[in-house]
Structures are given as C-alpha cells and as structure tokens.
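Going letter by letter, the sequence shown gives residues 5 to 148 in our numbering.
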Amino acid sequence: MKSFLNLLFCCLPLLLGAQNNITGTWKGIITQDEGGYRTNYDMELVLKQEGDKITGRSTVRVDDIFAVMDLEGEMVSGGYFRFQEKAIVDFKKVEGLEWCIKRGQLLLKFEKDEIKLEGFWQGTTSFSTCIPGKIFVKKMSPRA
Numbered sequence: 005m006k007s008f009l010n011l012l013f014c015c016l017p018l019l020l021g022a023q024n025n026i027t028g029t030w031k032g033i034i035t036q037d038e039g040g041y042r043t044n045y046d047m048e049l050v051l052k053q054e055g056d057k058i059t060g061r062s063t064v065r066v067d068d069i070f071a072v073m074d075l076e077g078e079m080v081s082g083g084y085f086r087f088q089e090k091a092i093v094d095f096k097k098v099e100g101l102e103w104c105i106k107r108g109q110l111l112l113k114f115e116k117d118e119i120k121l122e123g124f125w126q127g128t129t130s131f132s133t134c135i136p137g138k139i140f141v142k143k144m145s146p147r148a
C-alpha cells in the first residue's frame, strides 16, 4: 500500500501536466471590436508544448484573405496561455489592409467533451495599434 501511494504521488504531477498540454490543432474564431475590418474571422492555431514553452503558428482568414504567423508563448499558473506572434510567414490581403501582429492571454477551459482556449488579444501593425478583440478556439481531435 505504501509503495502504491508513493507511486501515485510521484506520477500525479505528470498526469495533471499531461491534461494541460495544449499541443495540437485548435479552430474557432477571433473577433475584433467595432471599427475593425470585420467583426469575426476564422482562426486556427497549431501549437507544440514542451514544458511550459509553446511554439506554433496562427492562421487568420476572412473571405479570400489570410495571414499565417509564427508564434511563441508559455503556460502560466492558473491555466493561462500567454502568446506573442513573431512574424508573418505568408499572407494575402486587400489594398489598404495590414495584418495585426497579436499578443494574447487565453484561459484553458474543460467544458463537457470540449477543450477550449478563450481570452483577449491586442496587436499592432507597422503604423498603429490594432482594434483589439477576443479569441474562442476548440481543440480538434487528432485524425487517425
């Protein structure tokens, strides 16, 4: 019995940490407050977590335009994912539009059979501050 308890206490942090690993593909929407190009855009995050450090890519699309950006981030206490986009690696845009380089704070949520990241983002372009908004994405099940 004592060895079972030792094993349980030894492995419990590993099991809990695995539950909070956000590696994978996340899909949903990113919103922009009034005054932005659109109020809702499709968003996809592809993330890889190693310890508390996270790397990946974000893709934002609306109509026929899109931007793909490299990002870095970290998991912080309380189940928060804090990220910063680093560079635009591919894009298509309309005249007069410049994509926002975003940073955000997202809360990891477990609801029914879904795992979600939800929270706020802020950003900048080369010439101004972006109108901020919110992010709502769900973790996609890996395909076999």
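Even for Gly, the Cβ is constructed at its ideal location relative to N, Cα and C.
Buried/exposed call for residue i, threshold 16 Cβ in 10 Å
i	result
residue 10	Annotation note: pLDDT 47 at residue 10 (below 50); position unreliable, coordinate value reported separately. Residue 10 is exposed by the Cβ-count criterion.
residue 85	buried
residue 87	buried
residue 60	buried
residue 64	buried
residue 130	exposed
Boundaries of the beta strand (DSSP E) in which residue i is found, first to last residue
i	result
residue 127	118-128
residue 114	105-115
residue 97	No beta strand (DSSP E) holds residue 97; DSSP gives it neither H nor E.
residue 46	44-54
residue 74	69-80
residue 140	137-143
residue 60	57-66
Check whether residue i and residue j have beta carbons under 8 Å apart
i	j	result
residue 139	residue 115	no
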